[in-house]
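So for the sequence shown, this note's numbering puts the first residue at 25; every next one is plus one. Below is one structure; the comments refer to it alone.
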Amino acid sequence: MVDDSPIWESMNGPNGSVIAKREGSRLSLSWFNSLFEDHRPPVELVRFDLDTQMLSIFPKLSLWGGTVQCQFRWVRELQIDTSCFEWSPHSPVWDIDREHGLELAGMPKGFGRYFALGLGLLPRYREFVRTIEANSDCKIVRFGSKAKEGAVDDTFMVSFERFGRYIHAVDLNRDRGNVVVNRVNEAEAANAVADLFKNDPVNPTVGRHPIIQAMTRAVTDRVPLNEAERAALVGRMAAEAPRAAVENPQAFGKLRQDIELVALEVLIEQYERGLHGPMSKDEGHWQEFFATNTFALQQLFAAPLALYGSQLALAIPSMFGRGGRVADFVLVNTLTRSAVVVEIKTPASKLLGLRYRGSDGAKVYPPHRDLSGAVAQLQAQMESVVTDFPSLVGKTPHAEPIETASVRGAVIVGSLASLTAEELQSFVRYRNGLHAVEVLTFDEVGGRLKGLHQLLKSPHV
């Protein structure tokens, strides 16, 4: 043994003894509880390997009561890589706490240090290891460097940094929980004697922090929801919807219909506001609108469609990085897997150019370049779906294949309200003459949304 090799010595405390033992390069500490009348054998709680510098803790429970149990269901050993955590193996057992007795000095935050209590993790942090147990078959959890994390054989390695973040979150939530309990109890005290002083009942103060607000909701339902809490409620409803639909289908169906009506009314209001003013010329606004409300796109076609993606590259660019094509939206028929490419323009886009010829009820108008250009752009994108897109899908991880033998397209552009009767005839002729391309104006889209709203609002639906 080298000169600086640690020597562990047995030590007696007020409620038991730590028994030191050395076997080769391994030092161990076992706990003997002097309160046990049946003289049970010592329980090994600590082991240190001089070669690997690995400190092992064998977490136990209920050492006071006489029954020695493991802290966890499967995990039997917590390892501390002392190359990542500064810990001295010299004189590690201290006797400075007369209440709890002997302790293992220098333990990382979150670890227990009293032998009589079983070492391991403090109770409030044990869920960390229980979660590892629930997701792996490992019997050992090693705390060390963030460069080495995950399961290796029967050892699950996790970094001190990750465990530290968990400890911080748990401590923060405990503090927040104490704040909530105090506030709720203050309100309960005020309300308990309110009638004696002719005071009005009060609600607990929820504060501004969203987590404290959520905790307060869990304790009491006396506080009205604010905007953020209503947003959280929407998320909660989405998560619980499948179960609610099974448990109470009639009530859930009525609730869903009411929500759909309100949501559709709000969407229609937003849509109509954008038809006029600066947003009517902002193509980016409308692309974002339909990206946020893909429901509106799905209602424009008779087939069952789902969003495949937005701003998708459809064509392979040249070696100079030019020639790529990007579609605003690609929808896919959920039954046939065929694609529908959608191009979004603006309500202010012009549909027709100046009169080409004719007069007095026989005027003919050509398509404006805003319209013909959008259609030409869409047709090029549809061609790219057939020629290039399958190759791009094959090179994209997790991208689902689509059927490209029959590709359709749609352009949302302009407004019919700006057309005269003769202009409308020219527009309809041009639109009807297109192959596999549907042209819809923004006011037609709005009309379809309103029609859907009336259908849902009908008491017979």
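The beta-carbon is built from N, C-alpha and C at its ideal position, and this holds for glycine as well.
Same chain only: Cβ atoms within 7 Å of residue i, ignoring 5 sequence neighbours per side
i	result
D75	S49
V410	T428 and V431
T318	L331
M225	Sequence check: residue 225 is Pro here, not Met. Excluding sequence neighbours, P225 sits near N215 and A218.
V67	S54, W55, K84 and V92
R455	V463
M25	For M25, the predicted structure reports a pLDDT of 37, less than 50, and the residue's modelled location is therefore unreliable. The matter cannot be settled from this model.
T179	C162, I164 and R166
K305	T370 and A372
Own chain, CB closer than 8 Å to residue i, minus 5 neighbours either side, in chain order
i	result
R486	There is simply no residue 486 to check, as the chain begins at 25 and stops at 485 in what is shown.
L285	H477, L480 and K481
E173	M181, V182, S183 and R186
E377	Per the sequence shown, the amino acid found at residue 377 is Gly instead of Glu. Y389, P390, P391, H392 and R393, listed in sequence order.
Q403	G433 and V461
K474	I292
R297	M303
V417	A423, E424, P425 and I426
Beta bridge counterpart(s) of residue i as assigned by DSSP
i	result
Q93	L85
A330	V356
I436	I368 and L464
E103	The question names Glu, yet the displayed sequence has Gln at residue 103. Looking at the DSSP assignment, Q103 forms a beta bridge with S80 and R166.
P341	P341 is not bridged to any residue.
V350	A337
E427	S362
R381	V388
N209	Looking at the DSSP assignment, N209 forms no beta bridge with any residue, so it has no partner.
M35	V42
L489	As displayed, the chain neither begins before 25 nor continues past 485, which places residue 489 out of reach and without an answer.
Cβ-Cβ distance between residue i and residue j below 8 Å
i	j	result
Q95	R166	no
L329	T370	no
D119	M35	yes
V399	I436	no
V194	R148	yes
V99	K163	yes
G333	V354	yes
F139	G125	yes
L321	V366	yes
G168	C108	yes
A213	N227	no
R137	L145	no
F325	I368	no
L141	L69	no
Q405	A441	no
I104	P132	yes
Same chain, Cβ closer than 6 Å to residue i, neighbours up to 5 away in sequence not counted
i	result
K387	R379 and E446
D27	Confidence is the limiting factor: at D27 the pLDDT is only 46, short of 50, which leaves the residue's position unreliable, though a coordinate-based value still follows. Once the five neighbours on either side are set aside, D27 has no close Cβ partner at all.
R64	none
F72	L51, L79 and P113
T106	Q77 and L79
S439	P371, T465, F466 and D467
W32	A44 and L51
S408	L338, A339 and R349
A158	none
E47	none
Residue i: first and last residue of the uninterrupted beta strand (DSSP E) it sits in
i	result
L53	R50 to N57
L398	For the sequence presented, residue 398 should be read as Ala rather than Leu. Careful: A398 lies outside any beta strand (DSSP E), inside the alpha helix (DSSP H) at R393 to T411.
E47	G40 to E47
W118	V117 to D121
Host alpha helix (DSSP H) of residue i (start-end)
i	result
F451	A445 to N456
L69	Run containing L69: none in the alpha helix (DSSP H); it sits in the beta strand (DSSP E), V67 to D73.
H309	E307 to T316
Hey, which unbroken runs of the beta strand (DSSP E) at 3 residues or more fall wholly within the stretch 125–207?
125–128, 164–168, 174–176 and 179–183
Complete alpha helix (DSSP H) runs within the stretch 214–244 (minimum length 4 residues, chain order):
Taking only runs of at least 4 residues, the alpha helix (DSSP H) segments lying wholly in the stretch 214–244 are 234–243.
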